[in-house]
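Participant: So the sequence shown is numbered by the working numbering: it starts at 12 and just counts up by one. Structure incoming, see below.
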Amino acid sequence: MPRHEKIVILTGAGLSAESGLATFRDSGGIWAQYDYRDVATPDGFQRNPNLVYEFYNMRRREAAKAVPNAAHAALARLQRDYPGDVLLVTQNIDDLLEQAGAQNLIHMHGEMTKMLCTHCDARLPWAEDLSADLACPECELIGGMRPAVVWFGEVPYEMARIATALGACDLFIAIGTSGNVYPAASFVAAALEAGAHTVELNLEPSDTAGYFAERLHGPATEIVPAYIDRLLSE
Ligand code: BV8
């Protein structure tokens with residue numbers, strides 16, 4: 012009988028930092044270079060679509076050069092080898108967890124390698140640059156293609172499935188997230204409500220560190236494999 016039957020793991024930009032992908036709120040991070048209202052809101056896209064296309068095209072090209080790090084690999088290993096259920100909920104829009112072999116995975120803020128057509132709602136894989144002059148492969152209309160990501164003010168994906176998993180979990184782990192963005196930052200409170208043990212694995216204490224029963228700080232490529240080795244040896 013595993014020590015924990017249902018594990019929910021929330022990950023953020025800090026998980027991909029050591030793969031070379033910028034985080035948002037660290038010094039020199041993405042929000043130090045761009046105002047989120049210009050590039051991560053529907054209004055921003057309305058106002059200046061080309062800036063938003065370029066913002067995601069640049070990040071998609073960066074992500075295409077990145078490879079999974081030891082923390083991504085450890086999470087895939089946990090899913091493969093742990094006898095209990097392990098659900099990964101990521102705020103990240105890169106596909107490094109999939110590349111590492113993770114399966115049971117929800118991208119609650121969407122994926123940069125998928126496009127969404129604002130004319131017909133088609134959501135399709137799209138690894139190339141996006142621009143205003145492209146025709147949707149589904150409805151063939153031009154000018155409606157946007158990254159299939161969740162901007163501020165938009166509803167994150169699979170919230171019902173996440174809420175159900177949080178309500179039933181007995182271990183909740185947050186990795187590489189600053190606890191600034193809702194509803195993801197409220198997941199630890201839901202896990203506590205469900206009676207789960209809560210663990211923060213982060214470079215430094217997050218804004219929600221106080222909610223966690225256990226906190227380990229350090230680079231994800233060190234503390235995540237170590238913690239997962241512990242879980243697998245219990
Ligand atoms: C919603 C897009 C309703 C994709 C992102 C006013 C108007 C409208 C909404 C609001 C409002 N006021 C508040 C809100 C809610 C808003 C919100 O939370 N705002 C905040 C800023 C106050 N949220 C929303 O709008 C959300 N939608 O509320 O809809 C609703 C709610 C519930 C149910 C139904 C409907 C939508 C939020 C999604 C926004 N989209 N990105 C993209 O471009 O990537 S947000 C952006 O922040 C990314 O998705 C990112 O993943 C996310 C969270 O950031 P983190 O991942 O935590 O990254 P960060 O840089 O902050 O932290 C990195 C951490 O890693 C740090 O702690 C650092 O120490 C650590 N670290 C660094 N290096 C390492 C490391 N750790 C370990 N190892 C390392 N090497």
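Glycine included, every Cβ here is placed at the ideal spot set by N, Cα and C. Keep in mind the model is a prediction, meaning the values are calculated, not measured.
Going by DSSP, what residues sit across from Lys17 in a beta bridge?
Facilitator: Looking at the DSSP assignment, Lys17 forms a beta bridge with Asp96.
Participant: May I have the straight-line CA-CA distance separating Pro13 from Gly95, to the nearest angstrom?
Facilitator: Each residue's alpha carbon lies about 6 angstroms from the other.
Participant: For the putative contact between Ile186 and Ile20, defined by C-beta atoms under 8 angstroms, what is the C-beta separation to the nearest angstrom?
Facilitator: Right, their Cβ atoms sit about 6 angstroms apart.
Participant: For Gly121, report the span of its beta strand (DSSP E) as first-last.
Facilitator: Gly121 -> beta strand (DSSP E) spans 121-128.
Participant: According to DSSP, is Ala33 helix, strand or coil?
Facilitator: The answer is coil: DSSP assigns Ala33 none of H, G, I, E or B.
Participant: Please list the terminal residues of the continuous beta strand (DSSP E) segment that includes Glu225.
Facilitator: From DSSP, the beta strand (DSSP E) with Glu225 extends over 225-228.
Participant: Give every residue of the same chain whose Cβ lies closer than 6 angstroms to the Cβ of His15, excluding the five residues on either side of it in the sequence, and list them in chain order.
Facilitator: So the list reads Gly95, Asp181, Leu182, once near-sequence residues are dropped.
Participant: What residues in its chain sit with their C-beta under 7 angstroms from that of Thr219, if we drop five residues either side in the sequence?
Facilitator: Closer than 7 angstroms at the Cβ level, and outside the excluded window around Thr219, lie Gly190, Ala196, Val199.
Participant: So the beta strand (DSSP E) Met156 belongs to, where does it begin and stop?
Facilitator: Unbroken beta strand (DSSP E) run through Met156: 156-160.
Participant: Quick test of your reading: Leu99 and Thr52, contact by CB under 8 angstroms. State the CB separation rounded to the nearest angstrom.
Facilitator: The pair is not a contact, with the Cβ atoms about 26 angstroms apart (cut-off 8 angstroms).
Participant: If you run the structure through DSSP and keep just helix, strand and coil, what is Phe183?
Facilitator: DSSP places Phe183 in strand when its eight states are reduced to three.
Participant: Helix, strand or coil: how does DSSP classify Asn191 here?
Facilitator: Coil.
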